[in-house]
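Enquirer: Here it is, the structure in full.
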Amino acid sequence: MPISTHAVVVGAGIAGVMTALYLQRRGCSVTLVDRWEPGHSRASSSDYNRILRAIHGSDEMYTRWVREARLRWMELEQELNTELYIECGALILAEEGHSTWEEVTMPTFDKLGVPYVRVGPDELPVRFPQFDFRKVAFGLWEPEAGMVLAHRAVTETFKQFLREGGQFRRGRVTTDETETPLLDGKPLSADLVVMSCGSWLAYLFRQTLGPMLKVIRQDIVYTSTPDGDRSFDADQMPCFVDHGYGAYGVPSVYGWGVKAAIAWHATDIDLDDEDRVVDQSAIARSRQYWAYRFPRLANEIVIDQKACHISLTPDTHFIIDFHPRHSNVLIVGGCSGHLFKHGPMLGDYVAGVGLQEWGTAPRFKIGPRTSMPMSESPSGR
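Here the sequence shown stands for residues 0 to 380, where the numbers follow numbering that gives the first Met the number 0.
Have a look at this one:
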């Protein structure tokens with residue numbers, strides 16, 4: 000496809016703004032479209048932060064992507080002169096009797112040269128005194144992991160896209176009975192249309208993606224930290240993934256508090272009509288978790304909360320493929336809870352697929368998918 004390509008990117012979350020930026024840098028004329036403003040609180044890419052971790056079980060492709068994405072995040076923050084990434088490390092807690100994902104990760108890390116330390120149960124409380132490590136067989140410490148400042152990453156990338164000549168239009172994109180994209184009721188006219196609409200893809204492409212996407216709630220709760228206690232700050236505490244409890248979170252930064260997300264039964268969410276309010280049961284589960292894993296947070300108060308959503312594919316691989324009936328419509332999504340950290344790599348890759356510089360990987364194609372065993376799952380879900 001010639002570099003004079005006119006491209007429209009629909010959806011201004013991290014996948015959309017990164018794809019738009021990389022298309023713009025390839026010489027395309029790019030218009031980014033969103034119903035609201037980039038960084039809006041309804042999006043899958045909302046919230047303050049996301050964990051960046053290379054651990055993906057035995058999956059080498061995502062592990063390589065994260066390692067490169069980490070470097071690109073650091074390059075981008077230098078370019079924009081604003082902090083986007085905090086390298087506080089990540090601690091993965093392997094539950095007694097259920098440590099397959101962590102066990103298969105270590106050979107992958109060895110092969111690809113990813114720094115890590117396997118920390119035994121006696122050493123864990125010495126190195127990480129914030130935690131109670133009951134039922135933990137060992138910890139997988141990844142020092143070159145951390146958190147991406149998610150909301151800032153979206154909005155600052157968007158601003159850079161505009162500075163480099165990109166255009167933004169606010170409008171609602173729908174699809175007709177043939178799943179042709181429509182902007183404010185009229186067919187989108189462009190050489191390339193990238194549909195990076197997060198969880199809304201399940202609504203826009205029900206016929207094509209119906210069996211492939213399930214949209215669920217993910218409630219996020221932030222707790223205060225004890226007065227004068229800096230041990231829960233990002234310069235002293237890592238991000239964490241606690242598979243045994245079905246939890247993950249990040250330390251406090253900028254006074255936001257310690258974040259915890261507790262996986263629960265898959266609860267549907269109405270993206271257009273449901274209030275973005277965290278359920279009281281989610282707050283109760285978070286309090287139970289803090290008391291269990293972080294005893295010094297047991298009596299702290301909730302200081303913030305986010306009602307987020309995830310679009311899950313059965314195998315937790317992303318979707319990056321052209322629509323089977325519309326050769327210029329490229330569908331990008333299926334975050335499965337682990338897309339954001341890949342942002343710069345994903346945007347570059349999608350731009351290359353869209354401009355036919357390379358084909359999409361088989362794992363990203365539209366078609367039947369099945370769930371994977373934990374040892375092969377890139378997200379650990």
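By construction, the Cβ of each residue, glycine as well, lies at the ideal position given by its N, Cα and C atoms.
To the nearest angstrom, report how far apart Asp190 and Tyr348 are at their CA atoms.
Expert: Translated into the one-based positions of the sequence shown, residue 190 becomes position 191. Translated into the one-based positions of the sequence shown, residue 348 becomes position 349. Roughly 18 Å separates the two Cα atoms.
Enquirer: What are the boundary residues of the beta strand (DSSP E) that Lys134 is part of?
Expert: Residue 134 sits at position 135 when you count from the first residue of the sequence shown. No beta strand (DSSP E) holds Lys134; DSSP gives it neither H nor E.
Enquirer: Please identify the residue among Arg368, Glu273 and Leu208 whose C-alpha is closest to the C-alpha of Pro323.
Expert: Against the sequence shown, residue 323 aligns to sequence position 324. When each option's Cα is compared against that of Pro323, the closest is Leu208.
Enquirer: What's the C-alpha gap between Pro367 and Gly138?
Expert: Translated into positions along the sequence shown, residue 367 becomes position 368. Translated into positions along the sequence shown, residue 138 becomes position 139. About 35 Å.
Enquirer: Would Pro343 be called buried (16 or more neighbouring beta carbons within 10 Å of its own) or exposed?
Expert: Your numbering for residue 343 matches position 344 in the sequence shown. Burial call: buried.
Enquirer: With three or more C-beta pairs closer than 8 Å as the rule, is the region 176-186 touching the region 289-303?
Expert: These segments do not touch.
Enquirer: Leaving aside the five residues before and after Pro237 along the sequence, list all residues of the same chain whose C-beta is less than 6 Å from its C-beta, in chain order.
Expert: The residue you call residue 237 lines up with position 238 of the sequence shown. Contacts found: Cys87, Gly88, Ala89 and Leu90.
Enquirer: Output yes or no for whether 7 Å exceeds the beta carbon distance between Gly197 and Ser43.
Expert: Residue mapping note: residue 197 aligns to position 198 of the sequence shown, counting from 1. Residue mapping note: residue 43 aligns to position 44 of the sequence shown, counting from 1. Closer than 7 Å, so yes.
Enquirer: Within 10 angstroms of the Cβ of Ile300, are there 16 or more other Cβ atoms? Answer buried if so, exposed if not.
Expert: Counted from its first residue, the sequence shown places residue 300 at position 301. Per the 10 Å Cβ criterion, exposed.
Enquirer: In the DSSP output, which residue or residues are listed as bridge partners for Ser28?
Expert: Indexing the sequence shown from 1 puts residue 28 at position 29. DSSP lists His5 as partners of Ser28.
Enquirer: Run the CB neighbour count on Arg229, radius 10 Å, all protein chains shown included, and call it buried at 16 or more, exposed below.
Expert: The sequence position of residue 229 within the sequence shown is 230, counting from 1. So Arg229 ends up on the exposed side.
Enquirer: Taking C-beta to C-beta, are Pro377 and Tyr61 nearer than 7 Å?
Expert: If you number the sequence shown from 1, residue 377 lands on position 378. If you number the sequence shown from 1, residue 61 lands on position 62. Result yes, Cβ atoms of Pro377 and Tyr61 sit closer than 7 Å.
Enquirer: Would Arg49 and Ala144 be called neighbours here (beta carbons separated by less than 7 Å)?
Expert: On the sequence shown, position 50 is the one that residue 49 refers to. On the sequence shown, position 145 is the one that residue 144 refers to. No, they are not a contact pair.
Enquirer: Cβ atoms of Val214 and Ser310: under 7 Å apart, would you say?
Expert: Position 311 of the sequence shown, counting from 1, holds the residue named residue 310. Position 215 of the sequence shown, counting from 1, holds the residue named residue 214. Contact flag set, yes.
Enquirer: Are the beta-carbon atoms of Ile261 and Arg284 separated by less than 7 Å?
Expert: Sequence index remark: in the sequence shown, residue 261 carries index 262 (1-based). Sequence index remark: in the sequence shown, residue 284 carries index 285 (1-based). Their beta carbons are under 7 Å apart, which means Ile261 touches Arg284 by this criterion.
Enquirer: Out of curiosity, what's the CA-to-CA distance linking Ala19 and Gly346?
Expert: On the sequence shown, position 20 is the one that residue 19 refers to. On the sequence shown, position 347 is the one that residue 346 refers to. Answer to the nearest angstrom: the Cα atoms are 8 Å apart.
Enquirer: For Trp64, which residues of its own chain have a beta-carbon under 7 Å away from its beta-carbon, when the five flanking residues on both sides are left out?
Expert: Mapped onto the sequence shown, residue 64 falls at position 65. Cβ neighbours of Trp64 beyond the five flanking positions: His341 and Met344.
Enquirer: Near Phe204, what residues of its chain come up, given a Cβ to Cβ distance below 8 Å and the 5 sequence neighbours on each side ignored?
Expert: On the sequence shown, position 205 is the one that residue 204 refers to. Here the set comprises Thr174, Glu178, Met194, His322 and Ile330.
Enquirer: For Val147, which residues from the same chain have a beta carbon less than 7 Å from its beta carbon, with the 5 sequence-adjacent residues on both sides left out?
Expert: What you label residue 147 is simply residue 148 of the sequence shown in a count that begins at 1. Here the set comprises Asn48, Arg49, Leu51, Trp72, Leu83, Tyr84, Phe339 and Lys340.
Enquirer: When we look at the beta-carbon of Ala11 and count the other beta-carbons within 10 Å, is it buried (16 or more) or exposed?
Expert: Translated into the one-based positions of the sequence shown, residue 11 becomes position 12. Under this definition Ala11 is a buried residue.
Enquirer: To the nearest angstrom, report how far apart Ser251 and Asp232 are at their CA atoms.
Expert: The residue you call residue 251 lines up with position 252 of the sequence shown. The residue you call residue 232 lines up with position 233 of the sequence shown. Answer to the nearest angstrom: the Cα atoms are 5 Å apart.
Enquirer: Taking C-beta to C-beta, are Val32 and Gly170 nearer than 7 Å?
Expert: What you label residue 32 is simply residue 33 of the sequence shown in a count that begins at 1. What you label residue 170 is simply residue 171 of the sequence shown in a count that begins at 1. Yes, the pair counts as a contact, with Cβ atoms nearer than the cut-off.
Enquirer: Please check the pair Val240 and Leu92, which I expect to be a contact at CB under 8 Å, by giving their CB distance rounded to whole angstroms.
Expert: Position 241 of the sequence shown, counting from 1, holds the residue named residue 240. Position 93 of the sequence shown, counting from 1, holds the residue named residue 92. That belief holds up - the Cβ atoms of Val240 and Leu92 are roughly 7 Å apart, short of 8 Å.
Enquirer: Less than 7 Å between the beta carbons of Val16 and Phe167, yes or no?
Expert: In the sequence shown, the residue the question calls residue 16 occupies position 17. In the sequence shown, the residue the question calls residue 167 occupies position 168. Not closer than 7 Å, so no.
Enquirer: Extract the residue ranges of the alpha helix (DSSP H) inside the region 191-246, only unbroken runs of 4 or more that lie entirely within it.
Expert: Runs found: 200-203 and 205-208.
Enquirer: Just reading off the beta strand (DSSP E) that Gly332 is part of, what are its end residues?
Expert: Residue numbering aside, residue 332 sits at position 333 when the sequence shown is read from its first letter. Its beta strand (DSSP E) spans residues His325 to Gly332.
Enquirer: Once DSSP output is grouped into helix, strand and coil, what is the label at Leu51?
Expert: Numbered from 1 along the sequence shown, position 52 holds the residue referred to as residue 51. The answer is strand: DSSP assigns Leu51 an E or B state.
Enquirer: On the DSSP letters alone, give me the boundaries of the alpha helix (DSSP H) that Val349 sits inside.
Expert: Residue numbering aside, residue 349 sits at position 350 when the sequence shown is read from its first letter. Start and end: Gly342 to Gly353.
Enquirer: Tell me whether His39 sits in a helix, a strand or coil according to DSSP, three-state version.
Expert: Looking up residue 39 in the sequence shown gives position 40. His39: coil per DSSP, three-state reduction.
Enquirer: Flag this pair as yes or no: are the beta carbons of Ala297 and Tyr21 separated by less than 7 Å?
Expert: For the purposes of this step, residue 297 is identified with residue 298 of the sequence shown, where counting begins at 1. For the purposes of this step, residue 21 is identified with residue 22 of the sequence shown, where counting begins at 1. No, the Cβ-Cβ distance between Ala297 and Tyr21 is not below 7 Å.
Enquirer: Run through DSSP, which three-state label would Val301 get?
Expert: Counting from 1 along the sequence shown, the entry for residue 301 is found at position 302. Val301 falls in the strand class under three-state DSSP.
Enquirer: The beta strand (DSSP E) spanning Ile91 covers which residue range?
Expert: What you label residue 91 is simply residue 92 of the sequence shown in a count that begins at 1. Here the beta strand (DSSP E) through Ile91 covers Ala89 to Glu94.
Enquirer: In whole angstroms, what is the alpha-carbon distance linking Ala306 and Gln279?
Expert: The residue you call residue 306 lines up with position 307 of the sequence shown. The residue you call residue 279 lines up with position 280 of the sequence shown. Rounded to whole angstroms, Ala306 to Gln279 spans 11 Å at the Cα level.
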